[in-house]
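Student: Residue numbers (my numbering): 46 to 407.
This is how it looks when you write it as structure tokens:
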């Protein structure tokens, strides 16, 4: 008999499973409220004196229980109530809610898919309408190409929409080719313009150099004949000076200064014929003479103070203008030589080798 009752109870619980925890939650909720009410009554009884309590509760032999205990019990019951209701409303174990959520999810997916299809369809229709409007607005060469291609695609078995789209694609390709050709033309014009401007700048620079230095052939002839750098090195070596002028002895410096001054005077006489380049050569020789004279005078006046002499000579501190002027003249001469193609490398060495080879042939 007990087994039958248990089986019947289990069947009832199984069939009422979807609502069982609502019932359990409701029962524990009522128990929780009842406990709160009891806690309030017991608290009121605790506040009464014995006379007041006997007067109010003549049928009771003792006061109610602890209000705190009733309050704790109420919290437990209400907590069980909340857990039961929460458990009942969660879907992971509730077949009904699971089915509802699955149905809602499927419905949402179907709606999203339908919306996607409608959007794609709307875009297709919009594209077709745009193609139609664009085709109607074509003119000139573009219109002729479109009509020809449209008819070809129709004859090939394509429908009007696809034929229109392919024809417009051909029109776009033609437009791109024309744009590319235009860009190439503009780029070619730009390069030609830049080349012309560069040529003009070079021509202008050439004219400026001609105006400054004179005829290119004359400048080349003069520099290769004069050889200012090689002459300076040659005379310095013949005077017995090795390296910087500061290394020279008094007599050697005097000799070098004398010949450099003579070369400067000679170059000055060439100015009327050769112009600016001869003036720069004269400045170069003159500065070389002045520097040599400075060191000559310095060593002559300070024979017994070599350390002091080397300290001053090493920097050329007493001849800054001469050094600057000579450096500027040297730069000008080198620029002119590069412009006209003059060889200023080793004139006297070449001549010495020629003489040596000539002597061997005798």
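Glycine residues also receive a C-beta, built at the ideal position from the N, C-alpha and C atoms.
For clarity, every value in this text was computed on a predicted model and none was experimentally measured.
Do three or more CB pairs link the region 367-377 to the region 317-336 at distances below 8 Å?
Tutor: yes
Student: Skipping 5 residues on each side, what residues in its chain have a beta carbon closer than 8 Å to that of residue 203?
Tutor: Taking the first residue of the chain shown as 1, we reach residue 203 at position 158. The answer, listed in chain order, is 211.
Student: Considering only the beta carbon of each residue, do residue 75 and residue 119 sit closer than 8 Å?
Tutor: Counted from its first residue, the chain shown places residue 75 at position 30. Counted from its first residue, the chain shown places residue 119 at position 74. It is not a contact, given that the beta carbons lie outside the stated cut-off.
Student: Could one say the Cβ of residue 337 lies closer than 8 Å to chain B's Cβ atoms, at least one of them?
Tutor: Structure shown: chain B not included; a single protein chain is present.
Student: Use the C-beta contact count for residue 129: other C-beta atoms within 10 angstroms, 16 or more gives buried, fewer gives exposed.
Tutor: Locating residue 129 in the chain shown gives position 84, counting from the first residue. So residue 129 counts as buried.
Student: What residue does the alpha helix (DSSP H) around residue 272 start on, and which one ends it?
Tutor: Here residue 272 refers to the residue found at position 227 when the chain shown is read from its first residue. Per DSSP, residue 272 belongs to no alpha helix (DSSP H) and is neither H nor E.
Student: Could you pull out every residue in the same chain whose Cβ sits closer than 7 Å to the Cβ of residue 249, ignoring the five residues on either side in sequence?
Tutor: One-based indexing of the chain shown puts residue 249 at position 204. If we look at residue 249 and ignore the five residues flanking it on each side, it has no Cβ neighbours.
Student: With DSSP run on the structure shown, which of helix, strand or coil describes residue 74?
Tutor: On the chain shown, residue 74 is found 29 positions in, with the first residue counted as 1. Three-state DSSP puts residue 74 in a helix.
Student: Should residue 77 and residue 122 be called a contact, given that it needs their Cβ atoms to be closer than 8 Å?
Tutor: Here residue 77 corresponds to residue number 32 of the chain shown, with the count starting at 1. Here residue 122 corresponds to residue number 77 of the chain shown, with the count starting at 1. It is a contact, given that the beta carbons lie within the stated cut-off.
Student: Confirm, please, whether the CB-CB distance from residue 191 to residue 213 is below 8 Å.
Tutor: Mapped onto the chain shown, residue 213 falls at position 168. Mapped onto the chain shown, residue 191 falls at position 146. A contact, by the Cβ cut-off of 8 Å.
Student: Measure from the alpha carbon of residue 275 to the alpha carbon of each residue in 259, 294, 258 and 305, then state which is nearest.
Tutor: On the chain shown, position 230 is the one that residue 275 refers to. Looking from the CA of residue 275, the closest CA among 259, 294, 258 and 305 belongs to 305.
Student: If you count every other CB in all the chains shown that lies within 10 Å of the CB of residue 271, and 16 or more means buried, which is it?
Tutor: Translated into positions along the chain shown, residue 271 becomes position 226. Residue 271 comes out buried.
Student: Quick one: Cα of residue 387 to Cα of residue 245, how far?
Tutor: For the purposes of this step, residue 387 is identified with residue 342 of the chain shown, where counting begins at 1. For the purposes of this step, residue 245 is identified with residue 200 of the chain shown, where counting begins at 1. Going from the Cα of residue 387 to the Cα of residue 245 covers about 25 Å.
Student: Would you kindly report the start and end of the unbroken alpha helix (DSSP H) that includes residue 200?
Tutor: Here the question's residue 200 lines up with position 155 in the chain shown. It spans 185-200 - the alpha helix (DSSP H) in which residue 200 sits, taken as one unbroken run.
Student: What is the residue span of the alpha helix (DSSP H) that residue 289 lies within?
Tutor: Here residue 289 is taken as the residue at index 244 of the chain shown, counted from 1. Counting along the chain, residue 289 falls outside any alpha helix (DSSP H), and DSSP gives it neither H nor E.
Student: Roughly how far, in whole angstroms, is the beta-carbon of residue 337 from the beta-carbon of residue 302, given that I think they are within contact range, below 8 Å?
Tutor: In the chain shown, counting from the first residue as 1, residue 337 sits at position 292. In the chain shown, counting from the first residue as 1, residue 302 sits at position 257. Their Cβ separation, rounded to whole angstroms, is 4 Å, which keeps residue 337 and residue 302 in contact under 8 Å.
Student: Can you tell me whether residue 372 sits near the ligand MG, meaning its C-beta is under 7 Å from at least one heavy atom of the ligand?
Tutor: For the structure depicted, the ligand MG is absent and the ligand set is empty, with no information on it obtainable.
Student: For residue 161, count neighbouring Cβ atoms within 10 angstroms of its own Cβ and tell me buried if that reaches 16, exposed if not.
Tutor: The residue given as residue 161 occupies position 116 in the chain shown. So residue 161 ends up on the exposed side.
Student: Classify residue 388 as helix, strand or coil using the three-state DSSP reduction.
Tutor: Reading the chain shown from its first residue, position 343 is the one you call residue 388. Correct three-state label for residue 388: coil.
Student: Do residue 322 and residue 256 have their CB atoms nearer than 8 Å?
Tutor: Taking the chain shown and counting its residues from 1, one reaches residue 322 at position 277. Taking the chain shown and counting its residues from 1, one reaches residue 256 at position 211. Not a contact, by the Cβ cut-off of 8 Å.
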